[in-house]
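Quick note, the sequences are listed as chains A and B, same order.
The first sequence begins at 238 in the working numbering and counts up by one.
The second sequence begins at 238 in the working numbering and counts up by one.
Here the structure is laid out as structure tokens; the discussion comes afterwards.
Protein chains: 2
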Amino acid sequence: MRRSFDDMKALLKQRNIGLSHHRLKVLEYLAEHHCHPTVEQIYADLHKEIATLSKTTVYNSLHALAEAGLVRILTIEDNETRYDLETETHGHFKCEQCGAIFNFTIDIDAFATNGLKHFDIREKNVYFKGVCPSCLHKAKDNE
Amino acid sequence: MRRSFDDMKALLKQRNIGLSHHRLKVLEYLAEHHCHPTVEQIYADLHKEIATLSKTTVYNSLHALAEAGLVRILTIEDNETRYDLETETHGHFKCEQCGAIFNFTIDIDAFATNGLKHFDIREKNVYFKGVCPSCLHKAKDNE
DNA sequence: TACATATTTGTAATTATTACAATTACATTA
DNA sequence: TAATGTAATTGTAATAATTACAAATATGTA
Numbered sequence: 238m239r240r241s242f243d244d245m246k247a248l249l250k251q252r253n254i255g256l257s258h259h260r261l262k263v264l265e266y267l268a269e270h271h272c273h274p275t276v277e278q279i280y281a282d283l284h285k286e287i288a289t290l291s292k293t294t295v296y297n298s299l300h301a302l303a304e305a306g307l308v309r310i311l312t313i314e315d316n317e318t319r320y321d322l323e324t325e326t327h328g329h330f331k332c333e334q335c336g337a338i339f340n341f342t343i344d345i346d347a348f349a350t351n352g353l354k355h356f357d358i359r360e361k362n363v364y365f366k367g368v369c370p371s372c373l374h375k376a377k378d379n380e
Numbered sequence: 238m239r240r241s242f243d244d245m246k247a248l249l250k251q252r253n254i255g256l257s258h259h260r261l262k263v264l265e266y267l268a269e270h271h272c273h274p275t276v277e278q279i280y281a282d283l284h285k286e287i288a289t290l291s292k293t294t295v296y297n298s299l300h301a302l303a304e305a306g307l308v309r310i311l312t313i314e315d316n317e318t319r320y321d322l323e324t325e326t327h328g329h330f331k332c333e334q335c336g337a338i339f340n341f342t343i344d345i346d347a348f349a350t351n352g353l354k355h356f357d358i359r360e361k362n363v364y365f366k367g368v369c370p371s372c373l374h375k376a377k378d379n380e
């Protein structure tokens, strides 16, 4: 369910979420940066363009967008909540060395969920941790 | 890989982790409380028994135990890291209403992980969110 | 353009976590 | 058992992320 930027705007309108300037900027930022940024990163980058942007607004915007179902809140590690556009379900892999986060495709609905028969499941998350190929190479070079 | 308390002590010794009183108490607490407690909960409960226990010690102990591979650090939501004994892989379900966390069995190794061929995967996590049966019932009663 | 409403700002408060130095307990060896 | 070196614990203070809130501003609509 990858959406165009215009589709997303229409969706926001439909859900009665205002299309304020800053809100759209945050959304646009996420659309252009698929690196799962933290609030800090989003704020730092957008602040260069929009001098009056406050961090609170970044939080507000992200929460509003998450509420509208356009943005997913990623909690992989403490002290660094990350944000991502809502797309088809995929897993996240975090490299313990360089901290980068990678997507990988995964059919989460495929696996059996014994013991959750009477639960209303609204969100599914999968995240792995380990070392990415790039860091593995570096380690090998240092031997 | 459910372990007895004695097994765990042996394991700690083997890995050169000291068996201090407080460390064991924290471990024992986790063994007896499978509710995925937060640091706050562990501290509050153990403090009743051990008046001199400090919160820092709880953090230290949990980190040492996690290092030793006996405890798993659960990050489902911000601002509430939770801890669990390391057992066979299972998923976690968090109820958005009452906040309770449930385990469910899942064969994480079963699903294909396309796109992670050259990655060194060291940890796999699955967590779902939604509403638990008990809260679903309550909602129905209020209709 | 004017109005009602929603958004943004900025500051202050809250909370979880970590850093660190001083104290205390532990295990080992004489 | 006492002495010794190492590791654990404590307590306080610092850091950092997030939230609350009231005042100022921007937004969309009539």
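Idealized CB from N, CA, C, for every residue including glycine.
Owing to the predicted nature of the structure, the values given are computational and were not obtained by experimental measurement.
Which residue comes first and which comes last in the beta strand (DSSP E) that contains residue i?
i, result
"cysteine 332/B", "327-332"
"leucine 311/B", "308-314"
"threonine 289/B", "First-last for threonine 289/B: undefined, no H or E at that position."
Pick helix, strand or coil for residue i, following the three-state DSSP scheme.
i, result
"leucine 322/B", "strand"
"lysine 361/A", "strand"
"lysine 354/B", "coil"
"isoleucine 338/B", "strand"
"aspartate 346/B", "helix"
"methionine 238/A", "Since pLDDT at methionine 238/A reaches only 45, below the 50 mark, its modelled position is unreliable, and the value read off the structure follows with that caveat. Coil."
Give me the chain B residues within the contact set of residue i, using Cβ-Cβ distance strictly less than 7 Å, ordered along the chain.
i, result
"tyrosine 364/A", "Asn362"
Starting from residue i, follow the alpha helix (DSSP H) in both directions and report where the run begins and ends.
i, result
"leucine 261/A", "258-269"
"threonine 294/B", "292-304"
"aspartate 378/B", "370-378"
Per the DSSP calculation, residue i is bridged to which residue(s)?
i, result
"threonine 275/A", "Arg319/A"
What residues of chain A sit near residue i, judged by a beta carbon separation below 9 Å?
i, result
"cysteine 369/B", "His355, Phe356 and Asp357"
"leucine 373/B", "His355, Phe356 and Asp357"
Can you name the residues of chain A whose CB is closer than 8 Å to the CB of residue i?
i, result
"leucine 261/B", "Within 8 Å Cβ-Cβ: nothing; leucine 261/B doesn't reach chain A, min ~25 Å."
"glutamate 323/B", "Within chain A, no residue comes near glutamate 323/B; the closest Cβ sits about 14 Å away, beyond 8 Å."
"glutamate 314/B", "Thr312"
"threonine 190/B", "Residue 190/B lies beyond the stretch modelled for chain B, which goes from 238 to 380, so this question has no answer here."
Name, please, each residue of chain A whose Cβ falls closer than 7 Å to the Cβ of residue i.
i, result
"aspartate 378/B", "Here the premise fails: no neighbours, minimum Cβ distance about 15 Å."
When every heavy atom of the ligand ADP is checked, does at least one fall within less than 6 Å of the C-beta of residue i?
i, result
"threonine 326/B", "As for the ligand ADP, it is missing from this structure, which has no ligand bound."
Given a limit of 9 Å on CB to CB distance, which residues of the segment 333-354 of chain A reach chain B?
Glu333, Phe339, Asn340, Phe341, Thr342, Ile343, Asp344, Ile345, Ala347, Phe348, Ala349, Thr350, Asn351, Gly352, Leu353 and Lys354
Going along the chain, which residues of the segment 274-291 of chain B sit with their C-beta nearer than 7 Å to a C-beta in chain A?
Residues: none.
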